[in-house]
Ligand SMILES: Nc1ncnc2c1ncn2[C@@H]1O[C@H](COP(=O)(O)OP(=O)(O)OP(=O)(O)O)[C@@H](O)[C@H]1O
Ligand SMILES: [Mg+2]
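Protein chains in written order, with the numbering used here: chain B, 566 to 855; chain C, 11 to 345.
In C-alpha cells:
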C-alpha cells in the first residue's frame, strides 16, 4: 500500500434510501424519493435528470444545507449533518464574494481555517496559476467574465483540500465554446487533485465527457432510473466526442432522458383532470390513484 | 407521481414573504425625508456612459486601455459637473445679491435680509471669534457622539434583526412604533429623561441617526444573495466569521446609504434641538442671533450649518469609497 492509495481511500459518498419532502399537507412536495447512490474515492460521478427532479436538493443534502426527510447521507462513513470544508461546493450561480479580490476569494476557506497569511497567499497563487488566472489575482469578481468567475469558484472550493467536490451545473450559464474549454480544465484539475466529484448537469455530452459513472434521475419525485458506466479511456480528449462509443452513450442517455421529460409533463395533465372533479391534489393522492 | 400544481402552491408563499419584507425595510427612510433612496436604485450619472467590460476573456492590454478611456471620460464629466455646480451656486448667490441690493418686495420680503457683504463682514468679525468657533465645536461634538452611538447600536442590531427571524420578531414591533415619531418630537421627553441638557441633545441627535442606519442595515442583510452565505458555510465559516466576513461586508453598501441618510437627519434633529432647548451650538447661535436682531449672524449661522452638513456627508462618502473599492466595478456601478 502506497501513500497515494491510502489517501485515495478518502472521499467516499454514500447516500442510502434518501427521501426529501418540502412543505406539509396540501403543499407537500416530494422532491426526492428513495435515492441511493455512491461516489467512490477519486471517482467522477455525474447526476443527470430533467429540470425540477431534485438534483440540486440531493446536492444540498450532501453539502449539508438540507436535512433529508428519510434515509441518510454519509461521507467516509460519517453522517453528514452540516456544511463543512471537507466538501467543496461549486454553485449553479456565481458565488464569489464581490467585496474580495480574486486572490482573497480563493484564500477565504484557508482564512476560516486559521491558516496564516503567507501560507494562504502561496496556496491561492498556486491555485490561480492552475486556473490560468494568476494575472487577475488583484481584480474584483465584477471585473471578470462568467467563465473566469466559475474557474475561480472551482479553485476556491479546492483551496481547503476537500475530499469531495460537489458541483451543481457549474457551467450552466456559459456558452458552448467556453463550456468545452471549462470541461477540459476541470478534468485536468480533477486528475491533479485525485478527489471524488459529484457533478450535476443536464447536458448529456458534458456528463459523458467528464464522468466515470452517470446516474440518470426520473422526473419528480426524483429517483435513480439508471446507472451508466462510461468506459472511455482517460485522459479524455475533445476529439473523443466523435467516436462511435461516445455517440452510442449519447443515444442511450438521450432515450432515457426523453422518457423522463415526457413523464414530467404527464402528472400535470393528470392533476388538472382530477382537480376538475374537485378532488384533492397532492403527490400522494395522485400516486394512490394511478 | 408528483404534481406540478402543488409545487407552485408551496413556492408562492415563500416569495410573498420576501417581497413584503423589503418595502417594510425601505419605507422608513422615505418618511425621514432626506435622500432616502436605497443605494442600488440611485442613478449614477457618470456611470451611465461608462462601457461595461466585455463579458469574455479580457486580455490585460485592453483592460488598461479601457481604464484609460474610463479616466478620460471621468475628467470630462468632472469639468461639466464643476461647471454646472458654479452655475447653480452662482445663480443662488446672484438671487441673494440682487434681492438684497434692490430690497425686493414681491410677496417674499428682502427688507431685513442682510447683504452678502454684511454677512462676509460678520464672518471676519464674529466668524473667527472664540464664541463662534466654540459653538461649532460643540455642535460637531454632539453630532459625532450621537451619530457614533447610533452606528454602534444600529449596525449590530440591524445585522442581527436581518439575520435572525426571532430577533426580528422581538425588536421590529418596537421599531415600527417608535420610528414614525420624528426626532424633534422627542425634545420634551428627552429633557425629562436625561439628567442634563447636553445628554438630551445628544439623545435627540442619536434618535435622528438611528432609524435610517438600523433600517438600511436590515435591508442590506436581506438583499444579500443567499448563495454567498451558503458558499461561506461550505468554506468552513463559523457563525461569528459569517457575520464578520460575509454579512457585514455584503451589507456595507446599504449601511453606508443608512449612514448618509442618518447624518442628514441627525443634523436636522440637532439644529432643532439646539434651537429649542440649547445652550451653545450652531443652532443656538442662529436662533440667538434672531432674538438679538443680529440679521447677518442668522445667515452666517445658516451657511455654517450648510457647510458642516456638507463636510459630514462628504466624509461619509469618502470613507465609503475607501472601504468599498469593489463598487467601482459593480454592475451599474456607483462611481
Ligand atoms: N426550499 C424548497 N421549498 C419547497 N420546495 C422546494 C424547495 N427546494 C426545492 N423544492 C422543490 O423540489 C423540487 C426539486 O428541486 P431542485 O432544485 O432540486 O430541482 P433540480 O433538479 O435541481 O432542477 P434544475 O435542473 O431546474 O436546477 C422542485 O420541484 C422544487 O419545487
Ligand atoms: Mg438545480
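For each residue, glycine too, the CB sits at the ideal point set by N, CA and C.
In this text, all values refer to a predicted model and were calculated from it rather than measured experimentally.
Residue-chain proximity (residue i, chain C), Cβ-Cβ < 8 Å
i, result
"residue 677 of chain B", "yes"
"residue 707 of chain B", "yes"
"residue 583 of chain B", "no"
"residue 788 of chain B", "no"
"residue 725 of chain B", "yes"
"residue 735 of chain B", "no"
"residue 575 of chain B", "no"
"residue 660 of chain B", "yes"
"residue 650 of chain B", "yes"
"residue 697 of chain B", "no"
"residue 546 of chain B", "An answer regarding residue 546 of chain B cannot be provided, because it is not within the stretch 566 to 855 covered by chain B."
"residue 663 of chain B", "yes"
"residue 654 of chain B", "yes"
"residue 607 of chain B", "no"
"residue 811 of chain B", "no"
Where the beta strand (DSSP E) through residue i begins and ends
i, result
"residue 602 of chain B", "594 to 604"
"residue 653 of chain B", "652 to 655"
"residue 790 of chain B", "789 to 794"
"residue 612 of chain B", "609 to 613"
"residue 635 of chain B", "635 to 640"
"residue 713 of chain B", "Premise fails: residue 713 of chain B lies in the alpha helix (DSSP H), 711 to 723, not in any beta strand (DSSP E)."
CB contact check: residue i to chain B, cutoff 8 Å
i, result
"residue 339 of chain C", "yes"
"residue 172 of chain C", "no"
"residue 256 of chain C", "yes"
"residue 243 of chain C", "yes"
"residue 188 of chain C", "no"
"residue 240 of chain C", "yes"
"residue 219 of chain C", "no"
"residue 78 of chain C", "no"
"residue 150 of chain C", "no"
"residue 247 of chain C", "yes"
"residue 231 of chain C", "no"
"residue 196 of chain C", "no"
"residue 251 of chain C", "yes"
"residue 336 of chain C", "yes"
"residue 126 of chain C", "no"
"residue 184 of chain C", "no"
"residue 165 of chain C", "no"
Which of helix, strand or coil DSSP assigns to residue i
i, result
"residue 647 of chain B", "coil"
"residue 760 of chain B", "coil"
"residue 303 of chain C", "coil"
"residue 191 of chain C", "coil"
"residue 575 of chain B", "coil"
"residue 780 of chain B", "strand"
"residue 121 of chain C", "coil"
"residue 140 of chain C", "helix"
"residue 248 of chain C", "coil"
"residue 585 of chain B", "strand"
"residue 732 of chain B", "strand"
"residue 808 of chain B", "coil"
"residue 186 of chain C", "helix"
"residue 115 of chain C", "strand"
"residue 331 of chain C", "helix"
"residue 165 of chain C", "helix"
"residue 97 of chain C", "helix"
"residue 631 of chain B", "coil"
Continuous alpha helix (DSSP H) stretch holding residue i: start and end
i, result
"residue 284 of chain C", "258 to 287"
"residue 694 of chain B", "682 to 695"
"residue 775 of chain B", "769 to 775"
"residue 395 of chain C", "With chain C covering only 11 through 345, there is no way to say anything about residue 395 of chain C."
"residue 621 of chain B", "620 to 628"
"residue 786 of chain B", "From DSSP, residue 786 of chain B is part of no alpha helix (DSSP H); its letter is neither H nor E."
"residue 522 of chain B", "With chain B represented from 566 up to 855, any question about residue 522 of chain B goes unanswered, as that position is not in the structure."
Name the residues in the stretch 314 to 334 of chain C whose C-beta lies less than 8 Å from a C-beta of chain B; which are they?
-> 334
Residues proximal to ligand 2 by C-beta, any heavy atom closer than 7 Å | B:620, B:621, B:657, B:733, B:734, B:765
Interface residues of the stretch 265 to 298 of chain C facing chain B [CB-CB below 8 Å] = none
Taking a Cβ distance cut-off of 8 Å, strictly less, list which residues of the stretch 750 to 782 of chain B are near chain C, in chain order.
-> none
Residues within the stretch 86 to 106 of chain C neighbouring chain B, beta-carbon criterion of under 7 Å = none
Contact residues within the stretch 621 to 640 of chain B, judged by C-beta distance below 9 Å to chain C | 625, 628, 629, 630
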